[in-house]
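Here the structure comes first, spelled out in structure tokens, and everything after it is commentary.
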Ligand SMILES: Cc1cc2nc3c(=O)[nH]c(=O)nc-3n(C[C@H](O)[C@H](O)[C@H](O)COP(=O)(O)OP(=O)(O)OC[C@H]3O[C@@H](n4cnc5c(N)ncnc54)[C@H](O)[C@@H]3O)c2cc1C
Ligand code: FES
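Here is the structure:
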């Protein structure tokens with residue numbers, strides 16, 4: 008029996024399409040099949056323009072299975088995302104979704120540490136949503152980083168968090184609504200945010216946990232490759248398991264072209280795996296085995 012869940016093709020009407028600073032966009036589309044089937048960490052392969060066949064992979068940030076909508080956050084970086092940003096409410100995009108192996112949210116995990124950088128934030132929002140729906144908001148701590156203004160209005164958090172420096176109080180309003188502790192980081196001097204790398208904040212938090220608590224912690228991360236490598240180093244240093252969502256250039260995104268392969272090491276054996284369907288989520292150990300040899 009196949010373990011690959013169903014993937015749908017949907018013509019999805021754009022319900023909202025909002026621009027934020029730094030060429031960032033949040034797009035809500037009506038895609039009931041995708042909304043009902045998506046798990047955190049999965050993505051959609053989206054047409055960016057009705058007259059262009061090319062699709063682009065974009066993570067699914069939020070869904071409403073009841074109302075049938077799906078939210079994406081994307082940044083304009085090239086032709087495809089530029090064309091997508093020109094699509095207006097009432098027009099539609101074609102989605103192939105949901106694609107990929109999702110994050111594993113284990114019932115045995117005591118602390119969930121979410122680390123999202125830039126357009127790696129959406130899968131972290133998806134995990135946070137799933138955990139709060141499962142009644143595990145209190146066990147969740149989200150760290151979000153951006154070098155352009157965040158695509159939401161940061162607000163002071165009402166949560167105290169051990170290990171986090173005084174004055175680092177800014178959070179994402181949605182996380183606050185979900186009663187999830189969250190902090191923001193940037194190298195820019197954004198008010199209330201930690202000025203530095205997000206992984207430094209993660210280390211400060213992990214430092215104050217007991218060895219026993221660290222054993223029961225899982226890190227989930229998505230973001231630029233140097234950030235993922237830094238997260239893997241933190242995972243190795245503190246002996247905390249981590250799951251990373253990788254980004255790779257994708258043509259088909261459904262496993263047929265082998266254009267997205269990466270070396271992945273499992274049980275001592277390295278093989279080329281397709282990021283689109285074998286991932287995008289892999290353990291930090293499988294992606295950076297050399298960091299875990301000691
Ligand atoms: C599983 C997955 C989930 C993703 N989720 C999101 C998301 O939620 N939001 C978002 O904004 N982006 C996301 N991306 C990245 C997004 O797919 C690319 O930015 C997009 O395809 C760029 O297309 P383009 O035609 O605008 O730019 P292009 O002209 O194709 O590329 C512009 C620049 O971006 C680089 N680039 C393109 N694709 C990638 C990639 N996959 N990885 C690294 N660099 C790339 C190119 O090398 C080039 O420098 C995701 C990628 C993957 C694989
Ligand atoms: S993009 Fe074709 S196999 Fe992954």
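Numbering (our numbering), first residue to last: 8 to 301.
Using N, Cα and C, we set each Cβ at its ideal position, and we do this for glycine too.
As the structure is a computational prediction, the values presented were derived from the model and not from experiment.
Exposure of residue i, with buried meaning 16 or more beta-carbon neighbours within 10 Å
| i | result |
| --- | --- |
| residue 173 | exposed |
| residue 123 | buried |
| residue 8 | Reliability of the predicted coordinates at residue 8 is poor, the pLDDT of 41 falling under 50, and no value is obtained from them. |
| residue 256 | exposed |
| residue 264 | exposed |
| residue 96 | exposed |
| residue 45 | buried |
| residue 274 | exposed |
beta-carbon residue i near ligand 2 non-hydrogen atom, thresh 6 Å
| i | result |
| --- | --- |
| residue 43 | no |
| residue 257 | yes |
| residue 107 | no |
| residue 281 | yes |
| residue 87 | no |
| residue 265 | yes |
| residue 177 | no |
Residue-level contact to chain C via CB, residue i, 7 Å cutoff
| i | result |
| --- | --- |
| residue 72 | As a matter of chain content, chain C is missing from the structure shown, which is built from one protein chain. |
Test item: CB-CB of residue i and residue j under 7 Å
| i | j | result |
| --- | --- | --- |
| residue 308 | residue 290 | Residue 308 lies beyond the range of the chain shown here (8 to 301); nothing can be said about it. |
| residue 50 | residue 72 | no |
| residue 125 | residue 230 | yes |
Reference residue i; option with closest CA among the options
| i | options | result |
| --- | --- | --- |
| residue 39 | 76, 123 and 198 | 76 |
| residue 247 | 220, 267 and 230 | 220 |
| residue 185 | 285, 46 and 166 | 166 |
| residue 181 | 170, 195, 160 and 196 | 160 |
| residue 139 | 241, 213 and 183 | 183 |
| residue 212 | 283, 144, 80 and 118 | 118 |
| residue 54 | 47, 67, 150 and 91 | 91 |
| residue 21 | 100, 192, 80 and 32 | 100 |
| residue 5 | 131, 283 and 85 | Residue 5 lies beyond the residue range present for the chain, which begins at 8 and ends at 301; the question has no answer from this structure. |
| residue 47 | 298, 136, 93 and 98 | 136 |
| residue 127 | 59, 240 and 68 | 68 |
Residue i Cβ short of 6 Å to ligand 1 heavy atom set
| i | result |
| --- | --- |
| residue 99 | no |
| residue 227 | no |
| residue 64 | yes |
| residue 126 | yes |
| residue 287 | yes |
| residue 50 | yes |
Original post:
Does the region 103 to 117 come within contact of the region 11 to 24, defined as at least 3 CB pairs closer than 8 Å?
Top reply: yes
Original post:
Can at least three beta-carbon pairs, one atom from the region 291 to 301 and one from the region 253 to 272, be found at a separation below 8 Å?
Top reply: The region 291 to 301 is in contact with the region 253 to 272.
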